[in-house]
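Here is the structure we will look at.
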Amino acid sequence: MSSPTASLAGRTVSRIGYGAMQLERLRGNRDDAVALLRRAVELGVDHVDTAQFYGFGFVNDVIREVLGTDDDVLVVTKVGADPNPGGRVPLRPAQRPEQLRASVEDNLRSLGVDQLAVVNLRRLDAGPGLRPHGDQLVDLDDQLAVMTALRDEGKIGAIGLSSVTLDGLRRALPAGIACVQNAYSLVSRGDEDLLRLCVAEGIAWVPFFPLGGAFPGLPKVTEESAVRAAAEALGVTASQVGLAWLLHHAPNVLLIPGTADADHLEANVAAGGITFDAATLAALDAVESRSVDLVLDAE
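Numbering (full-length UniProt numbering), first residue to last: 1 to 299.
Here it is as structure tokens:
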């Protein structure tokens, strides 16, 4: 495995960060949410992934309380969706340029900062999740225009892409892309060409759903016999094996596993220290990859 650190938007960060979305599960006990995020920082987490629409602002508010304007932790936000209370999915696409700008402003206010270090544009072109319709079908060039304008204004430090296709990333490269967030795991490796392009271009690869199985019907890393065998042999959990495999697979992988449980948080961070022998790695590499193209309806 390569170094326990990697580069994101010109910053060197630990390869295992924290996806803050799960903090919204602690909405009823804010003190627990604050304590969990503080524990993450104590464990060496210096890369936190968030969005204004997580918990309708609750998550960003907790991050603001814990981190303030401390630059030691790189906070990455995202735009491209808005809350959808009462819908089948709690989010709806918000892809139009004016919506992207409004979302950036919302994140600035809720986090209490003058600049968002990295903002991911969630394109909704690929992987499981929502798809845009009607006036939400917006050309990538129009979106990049507003994102680069926000960067020129100093409101964004760097631009990332999420749920993007290989062609989309190629089109976006001239704008300067710091990271790509796509659904990707040991059991869902359809974006291998996209990952290789990111390696070649020095772009961080930040997979979401790193253990698969986020929605019913999607394959789960922890159910694979090779993963379970590796976990038993190493004395770790199947989830830790799935996370460690991602770190072994490419040098630009940065993980942002989310949890609302302190023990799970510690286990996720500890996955960064797991190594595989050649036979174990070969067995994991041989696991079948399956499609993750599940489309959800926000209504």
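Don't be surprised by glycine CBs; every beta carbon is placed ideally from N, CA and C.
Bridge partner(s) assigned by DSSP for residue i
| i | result |
| --- | --- |
| Cys-179 | Gly-160, Ala-204 |
| Ala-6 | Val-13 |
| Gly-19 | Asp-49 |
| Gly-212 | Lys-220 |
| Ser-185 | Ser-188 |
Member of the options whose CA lies at the smallest distance from the CA of residue i
| i | options | result |
| --- | --- | --- |
| Thr-12 | Ala-35, Asn-252, Gly-168 | Asn-252 |
| Ser-103 | Ala-226, Val-79, Ala-200, Asp-46 | Val-79 |
| Leu-140 | Phe-209, Ala-20, Arg-96 | Arg-96 |
| Phe-208 | Arg-122, Ala-145, Val-34 | Arg-122 |
| Val-180 | Arg-290, Leu-124, Asn-60, Asp-61 | Leu-124 |
| Phe-53 | Asn-29, Leu-74, Leu-108, Ser-239 | Leu-108 |
| Asp-32 | Ile-16, Pro-4, Ile-63 | Ile-63 |
Supposed close pair residue i, residue j - CB separation, criterion 8 Å
| i | j | result |
| --- | --- | --- |
| Ala-271 | Leu-243 | 4 Å |
| Leu-218 | Glu-201 | Leu-218 to Glu-201, Cβ: 28 Å. No contact. |
| Pro-83 | Phe-58 | That pair is no contact at about 11 Å. |
| Thr-69 | Gly-112 | 7 Å |
| Ala-183 | Gly-127 | 4 Å |
| Arg-290 | Ser-188 | 6 Å |
Cβ shell of residue i (< 7 Å), same chain only, five flanking positions each side left out
| i | result |
| --- | --- |
| Ala-262 | Leu-36, Arg-39 |
| Met-1 | A caution first: Met-1 carries a pLDDT of 46, below 50, which makes its placement in the model too unreliable to give a value. |
| Glu-65 | Val-34 |
| Val-236 | Ile-274 |
| Thr-5 | Thr-12, Val-13, Ser-14, Arg-15 |
| Arg-228 | Ala-238 |
Proximal residues to residue i (C-beta, below 6 Å), its chain only, five neighbours per side dropped
| i | result |
| --- | --- |
| Ala-260 | Gln-22, Arg-25, Leu-26 |
| Ala-230 | Val-241, Thr-280 |
| Leu-186 | Val-221, Gly-242, Trp-245, Val-287 |
| Asn-29 | none |
Own chain, CB closer than 8 Å to residue i, minus 5 neighbours either side, in chain order
| i | result |
| --- | --- |
| Val-199 | Trp-205, Ala-250, Pro-251, Asn-252 |
Minimum Cβ-Cβ distance from residue i to chain B less than 8 Å
| i | result |
| --- | --- |
| Ala-40 | Here chain B cannot be found, since the structure has a single protein chain. |
Any non-hydrogen atom of the ligand NAP closer than 7 Å to residue i Cβ
| i | result |
| --- | --- |
| Glu-192 | The model depicted lacks the ligand NAP and carries no ligand whatsoever. |
Just list the alpha helix (DSSP H) runs in the segment 51-129, keeping only unbroken ones of 4 residues or longer that don't cross its boundaries, in chain order.
58-67, 97-111
Please go through the segment 226-285 and give each complete alpha helix (DSSP H) segment of 4 or more residues, from N-terminal end onward.
238-249, 262-270, 278-285
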